[in-house]
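A.B. asks: Take this structure first; my questions come after.
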Amino acid sequence: MAIPAGKGLAQGASTRTVTVDGHGIVYREIGPAHGMPIVALNHLGANLDDWDPRIVDGLAEDRRVILLGYRGVGRSEGRVRASIDEMALDAIAAIRALGLNRVDLFGLSMGGMVAQRLLALAPDLVDRLILISTGPAGGPGLVDMTRIMVGGSLRAALAFRDPKSSLFFTRSAAGRAAAQSYSARLKERTNDRDGSVTPRVLRAQLAAVHTFGQRPLPGSSAFPGPVLLLHGADDLLVPHANAAVLTEVFPSASLTVFPDAGHGVVFQHHDEVVAAVRTFLQR
Numbered sequence: 054m055a056i057p058a059g060k061g062l063a064q065g066a067s068t069r070t071v072t073v074d075g076h077g078i079v080y081r082e083i084g085p086a087h088g089m090p091i092v093a094l095n096h097l098g099a100n101l102d103d104w105d106p107r108i109v110d111g112l113a114e115d116r117r118v119i120l121l122g123y124r125g126v127g128r129s130e131g132r133v134r135a136s137i138d139e140m141a142l143d144a145i146a147a148i149r150a151l152g153l154n155r156v157d158l159f160g161l162s163m164g165g166m167v168a169q170r171l172l173a174l175a176p177d178l179v180d181r182l183i184l185i186s187t188g189p190a191g192g193p194g195l196v197d198m199t200r201i202m203v204g205g206s207l208r209a210a211l212a213f214r215d216p217k218s219s220l221f222f223t224r225s226a227a228g229r230a231a232a233q234s235y236s237a238r239l240k241e242r243t244n245d246r247d248g249s250v251t252p253r254v255l256r257a258q259l260a261a262v263h264t265f266g267q268r269p270l271p272g273s274s275a276f277p278g279p280v281l282l283l284h285g286a287d288d289l290l291v292p293h294a295n296a297a298v299l300t301e302v303f304p305s306a307s308l309t310v311f312p313d314a315g316h317g318v319v320f321q322h323h324d325e326v327v328a329a330v331r332t333f334l335q336r
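Position one of the sequence shown corresponds to residue 54 (the working numbering), numbered consecutively onward.
Encoded structure:
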């Protein structure tokens, strides 16, 4: 049963498991049980605790939000997946195991890549699609993510900074302030936290994104449902040129590019993102 929505209740949502192929996959849910549920897939190197509670609480005001983990990540069982398609198949199995036949899908960064493959493999499951800070197979610069992420992480370590502050946010005053606020919000949950993300997870997921980036660009999708695209103009990890390519894959998609925003646009502009997504999901 979903938890009734309310301020701060994302932090009180229980960490549960759903069984996929004999392995427990962690998830959390919040919000009213009625209406079309939204399933959210997170970025590379993330566990359930990396979801911004302001995003979760904002979306859960009027719908059931399900934060779905990845096999082998955090407290989820099994060996971490090394391909986007395998992650998509796990997500499909988890959604169906939760008794859901139709969902809205929210994919962030690598989660957006998984969402696209989920859509291709099980189009009957998806009603509306939200893709943020992500790109298509073969998208511009995706094969460079490993180099950029490793280099940025090393520079951050030498400067005693959180790598996300430079990889996810701009270095403007607004970007630096947003990075600090996001970091503080992630510490609000103090109990029933997900497990840590290991170096093995990062290696496997970086390899999965690299392979995804080497694939040929897809043609125009036959998906008939509405699509919302959000991207930061200064995204280092997934250049915003990917958003333009996604409008060719989904010709009817609505695209908003946020200025002075990086890969973490969803965290830097959480109020605007929540408003845009809630408007998009209205029926």
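For every residue, glycine included, the Cβ atom is placed at its ideal position computed from N, Cα and C.
Starting from GLY77 and walking both ways along the beta strand (DSSP E), at which residues does that stretch end?
C.D. replies: Translated into the one-based positions of the sequence shown, residue 77 becomes position 24. From DSSP, the beta strand (DSSP E) with GLY77 extends over 76 to 83.
A.B. asks: Exposed or buried, which one is ARG116 when buried takes at least 16 other CB atoms within 10 Å?
C.D. replies: What you label residue 116 is simply residue 63 of the sequence shown in a count that begins at 1. With 16 or more Cβ atoms within 10 Å of its Cβ, ARG116 is classed as buried.
A.B. asks: Look at the alpha carbon of ASP215 and the alpha carbon of VAL133, and state the distance between them as a whole number of angstroms.
C.D. replies: Here residue 215 corresponds to residue number 162 of the sequence shown, with the count starting at 1. Here residue 133 corresponds to residue number 80 of the sequence shown, with the count starting at 1. Straight-line Cα distance between these residues: approximately 24 angstroms.
A.B. asks: For a minimum of 3 consecutive residues, which ranges assigned as the beta strand (DSSP E) are wholly contained in the stretch 146 to 188?
C.D. replies: Listed in chain order, the complete beta strand (DSSP E) runs (minimum 3 residues) inside the stretch 146 to 188 are 156 to 161 and 179 to 185.
A.B. asks: Have a look at LEU78 and VAL280 and give me their C-alpha separation to the nearest angstrom.
C.D. replies: Stepping through the sequence shown from its first residue, residue 78 is reached at position 25. Stepping through the sequence shown from its first residue, residue 280 is reached at position 227. Reading the sequence as shown, one finds Ile at residue 78 and not Leu. Cα to Cα, ILE78 sits roughly 27 angstroms from VAL280.
A.B. asks: What residues in its chain sit with their C-beta under 7 angstroms from that of PRO193, if we drop five residues either side in the sequence?
C.D. replies: One-based indexing of the sequence shown puts residue 193 at position 140. Here the set comprises PRO292, ALA294, ASN295 and VAL298.
A.B. asks: Hey, LEU112 and ILE91 are a contact pair by Cβ (cut 8 angstroms); roughly how many whole angstroms apart?
C.D. replies: As a working note, residue 112 is residue 59 in the sequence shown. As a working note, residue 91 is residue 38 in the sequence shown. So it is a contact: roughly 6 angstroms between Cβ atoms.
A.B. asks: As a quick exercise: from LEU161, THR72 and GLY317, pick the residue whose alpha carbon is nearest that of SER236.
C.D. replies: Locating residue 236 in the sequence shown gives position 183, where the first residue counts as 1. For the residues LEU161, THR72 and GLY317, the minimum Cα distance to SER236 belongs to GLY317.
A.B. asks: With a 10 Å radius around its C-beta and 16 neighbouring C-beta atoms as the bar for buried, classify ASN244 as buried or exposed.
C.D. replies: Taking the sequence shown and counting its residues from 1, one reaches residue 244 at position 191. Exposed, because fewer than 16 other Cβ atoms sit within 10 Å of the Cβ of ASN244.
A.B. asks: Mapping the DSSP letters down to three states, classify VAL398 as helix, strand or coil.
C.D. replies: The requested residue 398 is not part of the displayed model; the chain covers only 54 to 336.
A.B. asks: Judging by CA-CA distance, which residue of VAL330, ASP110, PHE320 and PRO252 is the nearest neighbour of SER353?
C.D. replies: Examination of residue 353 is not possible in this model, given that the chain is present from 54 through 336 alone.
A.B. asks: According to DSSP, simplified to helix, strand and coil, what is GLY248?
C.D. replies: By 1-based counting over the sequence shown, the position of residue 248 is 195. Residue state, collapsed to three classes: coil.
A.B. asks: Mind reading off the beta-carbon distance from ASP313 to ALA227? Whole number of angstroms is fine, and I expect it under 8 angstroms.
C.D. replies: What you label residue 313 is simply residue 260 of the sequence shown in a count that begins at 1. What you label residue 227 is simply residue 174 of the sequence shown in a count that begins at 1. Confirmed, about 6 angstroms.
A.B. asks: If we ignore side chains and look at the alpha-carbon of each, how far apart do VAL203 and THR332 end up?
C.D. replies: Counting from one through the sequence shown, the residue named residue 203 turns up at place 150. Counting from one through the sequence shown, the residue named residue 332 turns up at place 279. If you take the alpha carbons of VAL203 and THR332, they lie about 37 angstroms apart.
A.B. asks: For VAL280, report the span of its beta strand (DSSP E) as first-last.
C.D. replies: Along the sequence shown, read from residue 1 onward, the residue named residue 280 stands at position 227. Where VAL280 is concerned, the enclosing beta strand (DSSP E) stretches over 280 to 285.
A.B. asks: Please classify LEU352: is it buried, with 16 or more other beta-carbons within 10 angstroms of its beta-carbon, or exposed?
C.D. replies: Only positions 54 to 336 of the chain appear in this structure, which leaves residue 352 out of reach.
A.B. asks: Pull up the distance between the alpha-carbon of VAL310 and that of LEU289, whole angstroms please.
C.D. replies: Looking up residue 310 in the sequence shown gives position 257. Looking up residue 289 in the sequence shown gives position 236. Going by the C-alpha atoms only, they are around 14 angstroms apart.
A.B. asks: Let's test the definition: count the other Cβ atoms within 10 Å of the Cβ of ALA230 and tell me whether it reaches 16, buried, or not, exposed.
C.D. replies: Counting from one through the sequence shown, the residue named residue 230 turns up at place 177. Result: exposed.
A.B. asks: May I ask you to verify whether the stretch 184 to 192 touches the stretch 267 to 283, counting CB pairs closer than 8 angstroms and requiring at least 3?
C.D. replies: Contact between the stretch 184 to 192 and the stretch 267 to 283 is present, because at least three Cβ pairs lie under 8 angstroms.
A.B. asks: Would you report the Cα separation of GLY98 and ARG170, rounded to the nearest angstrom?
C.D. replies: For this step, residue 98 is matched to residue 45 along the sequence shown. For this step, residue 170 is matched to residue 117 along the sequence shown. Cα to Cα, GLY98 sits roughly 19 angstroms from ARG170.
A.B. asks: Under the three-state reduction of DSSP, which class applies to ALA231: helix, strand or coil?
C.D. replies: In the sequence shown, residue 231 corresponds to position 178, counting from 1. Helix, per DSSP.
A.B. asks: Can you look up VAL15 in the DSSP assignment and give me helix, strand or coil?
C.D. replies: Residue 15 lies beyond the stretch modelled for the chain, which goes from 54 to 336, so this question has no answer here.
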